[in-house]
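Protein sequence lines, in the order shown, are assigned to chains A and B.
Counting with our numbering, you get residues 31 to 310 for the letters of the first sequence.
Counting with our numbering, you get residues 31 to 310 for the letters of the second sequence.
All C-beta atoms, glycine included, are put in the ideal place defined by N, C-alpha and C.
All values derive from a computational prediction rather than experimental measurement.
First up is the structure itself, then whatever we jot down about it.
Protein chains: 2
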Amino acid sequence: MPADASRERWRLDLGYDGTAFSGWAAQTGRRTVQGELQLWLARVLEVGEQPRLICAGRTDAGVHARGQVAHVDLAPGLLADPRQVTGRLNRVLPDDVVVWRIAPAPEGFDARFSAIWRRYVYRLSEPEAPVHPIYRHQLTALRAPVDLDRMNSSAGLLLGLRDFGAFCRRREGATTIRTLLDLRADRLTDGPMAGVIECTVRADAFCHSMVRSLIGALVEVGSGRRDAAWLEQVTAAAVRGPGLPVLAAGGLTLEEVGYPADTGLAPRAVEARTVRTLTA
Amino acid sequence: MPADASRERWRLDLGYDGTAFSGWAAQTGRRTVQGELQLWLARVLEVGEQPRLICAGRTDAGVHARGQVAHVDLAPGLLADPRQVTGRLNRVLPDDVVVWRIAPAPEGFDARFSAIWRRYVYRLSEPEAPVHPIYRHQLTALRAPVDLDRMNSSAGLLLGLRDFGAFCRRREGATTIRTLLDLRADRLTDGPMAGVIECTVRADAFCHSMVRSLIGALVEVGSGRRDAAWLEQVTAAAVRGPGLPVLAAGGLTLEEVGYPADTGLAPRAVEARTVRTLTA
């Protein structure tokens with residue numbers, strides 16, 4: 031619910047091409063997704079102060095989103111016709127960001143803290159299978175071919191609740207304990223991206239650079255440069271070591287954010303705000 | 031076969047994002063697909079003079095290609111390892127053009143004159159269905175919704191052998207008689223472009239601006255601004271009239287070029303060089 035009970039909370043579903051953005055989070059003097067959205071939302075709604083958007087996944091510079099979710103708290107009645115405002119917003123927004131939908135947020139909804147999982151896809155192209163130039167900003171080119179079976183069997187070792195400190199940039203006071211729900215690599219056999227390797231990563235939440243480090247580690251194993259024993263050793267360290275590549279941002283897309291049914295929203299937000307530990 | 035019998039002919043299969051190109055055809059001082067390919071092919075092969083590429087479909091500025099085909103005649107032995115040259119070429123080419131494959135051209139092959147059809151797809155987004163910003167350079171946004179049934183029943187009227195002068199920019203001495211093999215509009219229901227309308231146009235060959243005028247006319251009918259009688263009248267005129275929109279280049283992609291089986295290549299090239307007439 032809105033911090034100020036006199037306000038209405040709205041849910042926004044968004045997509046963007048991250049290529050020309052310095053990431054989600056507003057920064058002075060930088061072009062950011064949050065910055066553009068807040069600027070244009072204020073103009074369309076004709077309010078003097080920019081409303082503040084909170085998102086589910088604070089994407090880095092160059093990272094794309096197909097299913098980003100955000101919320102915003104507005105004065106009651108300000109957004110009388112959400113469909114019309116969505117249309118007007120899309121007409122004025124730069125063409126690398128789109129608002130799919132604006133809808134009243136259900137009771138207890140918080141785009142960040144109600145989310146139960148985030149699903150990212152990292153797309154890789156192999157040296158022997160060039161991809162259509164139209165998709166080049168969504169892909170990272172591998173230098174050597176990879177073995178998907180090797181990647182997938184190693185990926186299994188990382189699933190579940192654990193400390194992902196080895197894959198994260200440390201932040202003082204923040205936990206790096208997460209539940210990794212899915213991690214797998216598939217080769218697309220059909221369509222315009224045939225040949226592309228899609229690495230799906232789903233977790234309750236991610237710490238900074240975690241997706242790109244996880245895929246970087248899998249690529250090390252998949253290419254044969256490293257083995258499963260190395261991956262176990264890296265993971266166990268729980269502190270970021272050298273030799274673990276963080277892949278380029280352009281290959282990464284935030285595809286989807288999962289929320290519980292409406293009745294579970296408020297309890298989830300309370301749970302998510304508490305710091306995760308490995309001992310329940 | 032090569033004009034100079036002492037040379038070897040090669041077939042190149044190509045793709046490009048047309049957004050930043052002034053079209054296929056080399057022009058002094060402009061960035062073109064042909065210009066980039068000839069420049070880098072000469073450097074990779076270490077030849078002083080740029081080899082000349084002939085393509086199947088000379089695309090306009092901003093038009094994309096997934097399945098462009100070209101040929102080039104080279105000194106025997108110059109291209110000893112086509113796979114290796116393809117790899118080297120892709121590493122030096124700008125990232126908005128890719129060479130899928132270089133292979134020896136079969137006897138009698140001519141990328142332009144052996145082709146029996148060209149298939150283009152024009153992609154439209156409707157005002158009520160925003161598309162992912164990542165695809166924005168491949169789509170043209172409609173201002174009003176269209177009725178696909180209306181578009182498709184009108185499209186049927188245009189199929190077959192006829193003078194498409196009404197849809198072409200006239201060129202002195204050039205015929206505008208073509209055989210239109212396919213013209214239809216489908217709405218994608220699946221995948222990241224769900225909601226997008228794909229207009230497929232296939233003909234033995236196209237004259238200048240023909241695809242974009244044909245789709246422009248169908249959109250006029252589909253939106254209800256014009257009717258089938260208008261389309262018949264426009265077509266019958268056989269000379270370009272006012273009121274026929276030429277849609278933006280970005281929506282258009284050359285998807286595929288069809289060639290006969292190898293034994294039919296040389297006869298087809300002879301046939302295609304003769305001027306089409308409506309009376310056989």
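Any C-beta of chain A under 7 angstroms from that of residue i
i              : result
Y46 (chain B)  : yes
I132 (chain B) : no
H162 (chain B) : yes
R166 (chain B) : yes
R153 (chain B) : no
R96 (chain B)  : yes
D43 (chain B)  : no
Proximity below 7 angstroms, CB of residue i to CB of residue j
i              : j              : result
Y46 (chain A)  : S144 (chain A) : no
T170 (chain A) : G281 (chain A) : yes
V127 (chain A) : V74 (chain A)  : no
L213 (chain B) : A247 (chain B) : no
G97 (chain A)  : E228 (chain A) : no
A86 (chain B)  : A141 (chain B) : yes
A235 (chain B) : L210 (chain B) : no
V276 (chain B) : R148 (chain B) : no
A215 (chain A) : M181 (chain A) : yes
S36 (chain A)  : A91 (chain A)  : no
N120 (chain B) : P160 (chain A) : yes
L104 (chain A) : E38 (chain A)  : yes
A150 (chain B) : V241 (chain B) : The sequence shown places Tyr at residue 150 (chain B), not Ala. Yes, they are a contact pair.
A279 (chain B) : V115 (chain B) : no
D34 (chain A)  : P136 (chain A) : no
R153 (chain B) : V226 (chain B) : yes
V176 (chain A) : V264 (chain A) : no
A267 (chain A) : A196 (chain A) : yes
F194 (chain A) : R208 (chain A) : yes
V251 (chain B) : L261 (chain B) : yes
Within-7 angstroms CB hit, residue i to chain B
i              : result
A50 (chain A)  : no
V226 (chain A) : no
D126 (chain A) : yes
N120 (chain A) : yes
A310 (chain A) : Annotation note: pLDDT 43 at A310 (chain A) (below 50); position unreliable, no value reported.
Cross-strand partners of residue i (DSSP beta bridge)
i              : result
G195 (chain B) : The partner list for G195 (chain B) (beta bridge, DSSP) is empty, contrary to what the question assumes.
V127 (chain A) : A:Y46
A133 (chain A) : A:R41
L282 (chain A) : A:Y152
D216 (chain B) : B:E228
W147 (chain B) : B:G288
L83 (chain A)  : A:V102
L210 (chain B) : B:G190, B:A233
T170 (chain B) : B:L154
L95 (chain A)  : According to the sequence shown, residue 95 (chain A) is Ala rather than Leu. DSSP output for A95 (chain A) lists A:Y46, A:L284 as bridge partner(s).
Best match in the options for proximity to residue i [C-alpha to C-alpha]
i              : options                        : result
A224 (chain B) : A:W130, A:E156, A:H167, A:R166 : A:W130
G271 (chain A) : A:A278, A:S243, A:A291         : A:S243
T219 (chain A) : A:G195, A:S155, A:V300         : A:S155
H162 (chain B) : A:A302, A:E301, A:T283, A:C229 : A:T283
L200 (chain B) : B:Q263, B:H238, B:A296         : Residue identity check: residue 200 (chain B) is Arg in the sequence provided, not Leu. Closest by alpha carbon: B:H238.
V122 (chain A) : A:Q68, A:A267, A:F194          : A:Q68
Q80 (chain A)  : A:Q168, A:A56, A:R88, A:R60    : A:A56
P222 (chain B) : A:L109, A:A95, A:E158          : A:A95
L308 (chain B) : B:C198, B:L191, B:L172         : B:L191
I164 (chain B) : A:L108, A:R306, A:A50, A:V300  : A:A50
E158 (chain B) : A:R113, A:Q168, A:L108         : A:R113
W70 (chain B)  : B:P124, B:D111, B:G107         : B:P124
A299 (chain A) : A:G138, A:R118, A:L109, A:E66  : A:G138
Inspect the CB distances between the stretch 31-44 of chain B and the stretch 87-106 of chain B and report whether three or more fall short of 8 angstroms.
-> yes
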